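Trainee:
2 protein chains.
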Amino acid sequence: MARVFTDISISLDGYVAGPSPSLEDPLGVGGMQVHEWMFRLAAWREAHGLEGGDVGPESEVIDRNRAATGAVVMGRRMFSGGDGPWADDPNANGWWGDEPPFHTPVFVVTHHPREPLELRGTTFAFVTDGVAAAIELARAAAGDRDVSVGGGASVVQQALALGLLDELQVHTAPVLLGSGTPLFDGAAPRRLEIVETVASTHATFVRYRVA
Amino acid sequence: MARVFTDISISLDGYVAGPSPSLEDPLGVGGMQVHEWMFRLAAWREAHGLEGGDVGPESEVIDRNRAATGAVVMGRRMFSGGDGPWADDPNANGWWGDEPPFHTPVFVVTHHPREPLELRGTTFAFVTDGVAAAIELARAAAGDRDVSVGGGASVVQQALALGLLDELQVHTAPVLLGSGTPLFDGAAPRRLEIVETVASTHATFVRYRVA
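Taken in sequence, the protein lines are chains A and B. Its first residue numbered 304, the first sequence is counted upward by one per residue in the working numbering. Its first residue numbered 304, the second sequence is counted upward by one per residue in the working numbering.
Next up, the structure:
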């Protein structure tokens, strides 16, 4: 059976984004530093239509996940950009531009019903009955490929709490943010199993199997 | 100049100890799981007068730190056992038993003045004027060896905030506790530099240089 996994970046103090997100700074103050390891990689840049970039130990992780992913689940704020107040604009068109990098079906968990959106090979469907329903739809769409729970933190927390995540892939960036949006916020106590570690000077990647 | 470093274990969600510490469970509910990777190692067991144990990738880290350490700084609750109410008993004799594992001078940061204590090669001195003073005394005692800031979280947070930590060594255990004592709690935003990573299936060790 296909895996349901999340692949997400946090600061050493556990934040996926810094404080005070805004339109100019959708990842919050300092939040960009959490994702820097990724933005510099050719594997990420190519998927986002950019040239250049480095090849590092994490490149293989990005390439592998991208190849394995048959559908994506994300929260409304990840679709429409950061954690700011504009996230409540039901007509926001996403921050992924004219050519989103997914090229698979994407299921957006939201309270706002909306017609599906198709942008050059990526389809966005808006799911109003919760994370479990979105993951179920994504599983069906992905077939024997994997479902990537893209974020944000709230969707990952819900998927974990519902027992729907098979794997938690965490990149820890060497930065302290001090405040922001925590990835884990009162998670149920749970043991995990380390199945892979990829070390670099830019971030530490650990793949955990959820028991 | 000698390093001032901390070598501390956290859960994936960032806790050094679980909730509701008690005399029976000084690391709080589930907190033992954060330190399991260490308790199973021969390198740790030998230092604590126990036999047996495994050799793993982390053994070298423990041996190296132990050999490099010339003095230790710790908080009162790490001296007297966990985070519970007994920590306020000014006559508590520590939870390190008759033969503490340090075999170096230990400086305990506390509000309670107290005569020094000598236990088979480990001396405990009680410092009432704060973390910076304790680190200064430890530096002097360590000579050209390193100062280990042992914990708990509060002492590490203060040393970091005061710019007195050269290195932060973090072992992340594959467990979620959900609540407890966070290692980082409103730390000042700060970039770190990854200088070493040791992977195992029991925990992930990363050594960060504090810029």
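Ideal Cβ placement from N, Cα and C applies to all residues, glycine included. Since the model is a prediction, treat every value here as computed from it, not as a measurement.
Quick check on Leu330 of chain A: buried or exposed, where buried means 16 or more other Cβ atoms within 10 Å of its Cβ?
Mentor: Taking the first sequence and counting its residues from 1, the one referred to as residue 330 of chain A is at position 27. With 16 or more Cβ atoms within 10 Å of its Cβ, Leu330 of chain A is classed as buried.
Trainee: By the three-class DSSP mapping on this structure, what secondary structure does Val332 of chain A have?
Mentor: In the first sequence, residue 332 of chain A corresponds to position 29, counting from 1. In the structure shown, Val332 of chain A sits in coil (DSSP, three-state: anything other than H, G, I, E or B).
Trainee: Could you have a look at Asp337 of chain B and say whether DSSP puts it in helix, strand or coil?
Mentor: One-based indexing of the second sequence puts residue 337 of chain B at position 34. According to the sequence as given, residue 337 of chain B is Val; it is not Asp. Three-state DSSP puts Val337 of chain B in a helix.
Trainee: Are three or more beta carbon pairs between the region 469-488 of chain A and the region 403-413 of chain A nearer than 8 Å?
Mentor: Touching, no, given that fewer than three Cβ pairs across the two stretches are closer than 8 Å.
Trainee: Going along the chain, which residues of the region 350-379 of chain B sit with their C-beta nearer than 8 Å to a C-beta in chain A?
Mentor: Listed by position, the residues of the region 350-379 of chain B near chain A (Cβ gap below 8 Å) amount to none.
Trainee: Between the alpha carbons of Glu499 of chain A and Tyr511 of chain B, how many angstroms are there, rounded?
Mentor: What you label residue 499 of chain A is simply residue 196 of the first sequence in a count that begins at 1. What you label residue 511 of chain B is simply residue 208 of the second sequence in a count that begins at 1. Using only the alpha carbons, I get a separation of about 20 Å.
Trainee: Under 8 Å by Cβ, that's how I've got Trp340 of chain B and Ala428 of chain B pegged, so tell me the actual separation to the nearest angstrom.
Mentor: Here residue 340 of chain B is taken as the residue at index 37 of the second sequence, counted from 1. Here residue 428 of chain B is taken as the residue at index 125 of the second sequence, counted from 1. With a Cβ gap of about 30 Å, Trp340 of chain B and Ala428 of chain B do not count as contacting.
Trainee: If you check the beta carbons only, do Ala441 of chain A and Val450 of chain A fall under 8 Å apart?
Mentor: Stepping through the first sequence from its first residue, residue 441 of chain A is reached at position 138. Stepping through the first sequence from its first residue, residue 450 of chain A is reached at position 147. Yes, Cβ-Cβ distance for Ala441 of chain A and Val450 of chain A is below 8 Å.
Trainee: In whole angstroms, what is the alpha-carbon distance linking Tyr318 of chain A and Leu486 of chain A?
Mentor: Taking the first sequence and counting its residues from 1, the one referred to as residue 318 of chain A is at position 15. Taking the first sequence and counting its residues from 1, the one referred to as residue 486 of chain A is at position 183. So the two alpha carbons sit approximately 6 Å from each other.
Trainee: Ignore the nearest five residues each way along the sequence and tell me which others in Glu354 of chain A's own chain have a CB closer than 8 Å to its CB.
Mentor: As a first step, residue 354 of chain A must be located in the first sequence, where it is residue number 51. Excluding sequence neighbours, Glu354 of chain A sits near Arg348.
Trainee: Would you kindly work out how many angstroms separate the C-alpha atoms of Trp389 of chain B and Val376 of chain B, rounded to a whole number?
Mentor: Residue 389 of chain B sits at position 86 when you count from the first residue of the second sequence. Residue 376 of chain B sits at position 73 when you count from the first residue of the second sequence. Bear in mind that the predicted position of Trp389 of chain B carries a pLDDT of just 46, short of 50, making it unreliable; the figure below should be weighed with that in mind. The straight-line gap from Cα to Cα measures roughly 20 Å.
Trainee: For Ala346 of chain A, I'd like the list of residues in its chain whose CB is within less than 7 Å of its CB, leaving aside the five on either flank, ordered along the chain.
Mentor: On the first sequence, residue 346 of chain A is found 43 positions in, with the first residue counted as 1. Cβ within range, chain order: Ser362, Ile365 and Asp366.
Trainee: For the candidate residues A:Gly359, A:Phe342 and A:Ala371, whose alpha-carbon lies nearest to that of Gly352 of chain A?
Mentor: For the purposes of this step, residue 352 of chain A is identified with residue 49 of the first sequence, where counting begins at 1. It is A:Phe342 whose Cα lies nearest to the Cα of Gly352 of chain A.
Trainee: Check the Cβ-Cβ distances between Val307 of chain A and every residue of chain B, and say whether any is below 8 Å.
Mentor: Taking the first sequence and counting its residues from 1, one reaches residue 307 of chain A at position 4. Answer no: the Cβ-Cβ gap between Val307 of chain A and chain B never drops below 8 Å.
Trainee: With Arg448 of chain A and Ala371 of chain A assumed to form a contact (beta carbons below 8 Å), what rounded beta-carbon distance in angstroms separates them?
Mentor: What you label residue 448 of chain A is simply residue 145 of the first sequence in a count that begins at 1. What you label residue 371 of chain A is simply residue 68 of the first sequence in a count that begins at 1. Going by Cβ atoms, the distance from Arg448 of chain A to Ala371 of chain A rounds to 6 Å, so yes, they are a contact pair.
Trainee: Quick one: list the residues of chain A neighbouring Asp316 of chain B, beta-carbon separation under 7 Å, in chain order.
Mentor: For this step, residue 316 of chain B is matched to residue 13 along the second sequence. Per Cβ cutoff of 7 Å: Gly317, Phe487 and Ala490.
Trainee: Going by DSSP in three states, Glu496 of chain B sits in which element: helix, strand or coil?
Mentor: Reading the second sequence from its first residue, position 193 is the one you call residue 496 of chain B. Strand at Glu496 of chain B.
Trainee: Is Ser451 of chain B near the ligand NAD, in the sense that its beta carbon is under 7 Å from a heavy atom of that ligand?
Mentor: Absence of the ligand NAD from the depicted structure is noted, as is the absence of any ligand whatsoever, leaving it without description.
Trainee: Going by beta-carbon coordinates alone, are Ala444 of chain A and Ala374 of chain A separated by less than 8 Å?
Mentor: Numbered from 1 along the first sequence, position 141 holds the residue referred to as residue 444 of chain A. Numbered from 1 along the first sequence, position 71 holds the residue referred to as residue 374 of chain A. Yes, they are a contact pair.
Trainee: Count the other CB atoms, across all protein chains shown, that sit within 10 Å of the CB of Asp272 of chain B; report buried if there are 16 or more and exposed otherwise.
Mentor: There is no way to answer for residue 272 of chain B, as the model of chain B reaches only from 304 to 514.
Trainee: Identify the contact partners of Ser297 of chain A in chain B, using a Cβ-Cβ distance below 8 Å as the criterion.
Mentor: A question about residue 297 of chain A goes unanswered here, because the residues of chain A that appear run from 304 up to 514.
Trainee: Could you spell out where the alpha helix (DSSP H) holding Ser325 of chain B opens and where it closes?
Mentor: Walking along the second sequence from the start, residue 325 of chain B turns up at place 22. Per DSSP, Ser325 of chain B belongs to no alpha helix (DSSP H) and is neither H nor E.
Trainee: Output yes if chain B places a C-beta closer than 8 Å to the C-beta of Ala456 of chain A; else output no.
Mentor: Here the question's residue 456 of chain A lines up with position 153 in the first sequence. No, Ala456 of chain A does not count as interfacial toward chain B.
Trainee: By the criterion of Cβ-Cβ separation under 7 Å, what are the contact partners of Ala502 of chain A in chain E?
Mentor: No chain E is present in this structure, whose protein chains are A and B.
Trainee: Out of A:Gly433, A:His474 and A:Met335, state which residue places its alpha-carbon closest to the alpha-carbon of Leu467 of chain A.
Mentor: As a working note, residue 467 of chain A is residue 164 in the first sequence. Residue A:Gly433 is the option with its Cα nearest to Leu467 of chain A.
Trainee: Can Val412 of chain A and Arg369 of chain A be called in contact, C-beta distance under 8 Å?
Mentor: In the first sequence, counting from the first residue as 1, residue 412 of chain A sits at position 109. In the first sequence, counting from the first residue as 1, residue 369 of chain A sits at position 66. Going by C-beta atoms, Val412 of chain A is not nearer than 8 Å to Arg369 of chain A.
Trainee: When the Cα atoms are used, what is the spatial distance from Gln461 of chain A to Pro492 of chain A?
Mentor: The residue you call residue 461 of chain A lines up with position 158 of the first sequence. The residue you call residue 492 of chain A lines up with position 189 of the first sequence. Taking the straight line joining both Cα atoms gives about 14 Å.
Trainee: Just to make sure I have the definition right: I need the residues of chain A whose C-beta is within less than 7 Å of the C-beta of Val509 of chain B. Which are they?
Mentor: Here residue 509 of chain B refers to the residue found at position 206 of the second sequence. Near Val509 of chain B (Cβ distances below 7 Å), the residues of chain A are Thr507.
Trainee: I need the DSSP call for Ser503 of chain B, collapsed to helix, strand or coil.
Mentor: Residue mapping note: residue 503 of chain B aligns to position 200 of the second sequence, counting from 1. Note: Ser503 of chain B maps to coil in three-state DSSP.
Trainee: Check for me: the alpha helix (DSSP H) holding Glu349 of chain A runs from which residue to which?
Mentor: Working through the first sequence from its first residue, we reach residue 349 of chain A at position 46. Residues Ala345 to Ala350.
Trainee: So the candidates are B:His414, B:Thr407 and B:Leu422; which of them puts its Cα closest to the Cα of Trp398 of chain B?
Mentor: As a position in the second sequence, residue 398 of chain B is number 95, starting the count at 1. Nearest option by C-alpha distance: B:Leu422.
Trainee: Counting only Cβ pairs nearer than 7 Å, list the residues of chain B close to Gly333 of chain A.
Mentor: If you number the first sequence from 1, residue 333 of chain A lands on position 30. Residues of chain B passing the Cβ test: Pro492.
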